[in-house]
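J.: Before I ask anything, here is the structure I am working with.
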Ligand code: FES
Ligand code: FES
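Chains as they are written, first to last, in the working numbering: chain A, 1 to 168; chain B, 1001 to 1113.
So, in structure tokens, the structure goes:
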């Protein structure tokens, strides 16, 4: 038996019939084909599947698609606006905040939730916020820097240009 | 930047090996920590920021002088962490000469008995 759900994903409304046991992450990846959200563990441990549900960072392998009925969802695909990278995406790019990139979408979504509630987080606060997201490659150093970069840029939107922008 | 990033990652993996990570088998040969639910990987709040330095010596065995760098951090960090723990134990009056990785709190506690 399937259940009808209505969800807004990255601004677009979707109405779908889903099995009640379908995890939200598989709804996003397999039904909506939004494969930017990754699955690392399926057990709420790694954070690779983190998305925003009504603005809150949520591990989408821990939630059923039917629970997301009437919710507003943002995935990594919804972070850039009109081809312009979100400051967090730009930060990961500029600070070499990723190597294999598997953890990156989840890191960015978790950091987006942090920066919404804390415009100038300290290094400790960034590390504490990212504690539910595993990264095997970077040792977290450049991820912390990428979040700091985004925090700076978001609190002074026009004052700072990326290296790329400055070179143009 | 890429080399530094690789060193950061390597250092973190080595610290993980020294402090948390290990494949644990029971007496029947069954791996008992086969998922992230049981396997402890280091997290962002387990580390400080790193400072890296490099001594550049071109490799004599190929025309470009290049060599791998990614593993370098992994080689140095486990002995550094284990030696630091042994040093701390000695300064606390515990004459421990050898302790097996990963240095979980239980292992350190047992070594102190
Ligand atoms: S896949 Fe959801 S936390 Fe790992
Ligand atoms: S960049 Fe590879 S897991 Fe984070």
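Each residue gets a CB set at the ideal place from its N, CA and C atoms; glycine is no exception.
Predicted model, so just to flag it, every value in this text is computed and none were measured.
Is residue 55 of chain A closer than 8 Å to residue 134 of chain A when the C-beta atoms are compared?
T.: no
J.: Pop quiz: residue 30 of chain A and residue 61 of chain A are said to be a contact at Cβ under 8 Å. What is the actual Cβ separation, rounded to whole angstroms?
T.: Actually they do not touch by this definition, with Cβ atoms about 13 Å apart.
J.: Report the residue from A/65, A/3, A/71 and A/91 whose alpha carbon sits nearest the alpha carbon of residue 80 of chain A.
T.: A/91
J.: Identify the residues that DSSP records as bridge partners of residue 84 of chain A: which are they?
T.: A/81
J.: Counting along the chain, where does the alpha helix (DSSP H) carrying residue 1087 of chain B start and finish?
T.: 1072 to 1091
J.: How would you write the range of the alpha helix (DSSP H) that residue 153 of chain A sits in, first residue to last?
T.: 141 to 155
J.: Which class does residue 104 of chain A belong to by DSSP, given the choice of helix, strand or coil?
T.: helix
J.: List the endpoints of the continuous beta strand (DSSP E) containing residue 18 of chain A.
T.: 12 to 18
J.: Could you give the distance in angstroms between the alpha-carbon of residue 155 of chain A and the alpha-carbon of residue 127 of chain A?
T.: The C-alpha of residue 127 of chain A is placed about 20 Å away from the C-alpha of residue 155 of chain A.
J.: Hey, would you say residue 116 of chain A sits closer than 8 Å to residue 151 of chain A, going by beta carbons?
T.: no
J.: May I ask you to list, following chain order, the residues of the region 127 to 150 of chain A that have a beta carbon less than 9 Å from some beta carbon of chain B?
T.: For the region 127 to 150 of chain A, which is checked against every Cβ of chain B, the residues closer than 9 Å are 127, 128, 129, 130, 131, 132, 133, 134, 135, 136, 137, 138, 139, 140, 141, 142, 143, 144 and 145.
J.: What do you reckon, is the C-beta of residue 1040 of chain B under 7 Å from a heavy atom of ligand 1?
T.: no
J.: Given 8 Å as the limit, is there contact between the region 1042 to 1059 of chain B and the region 136 to 143 of chain A, that is, 3 or more CB pairs closer than that?
T.: yes
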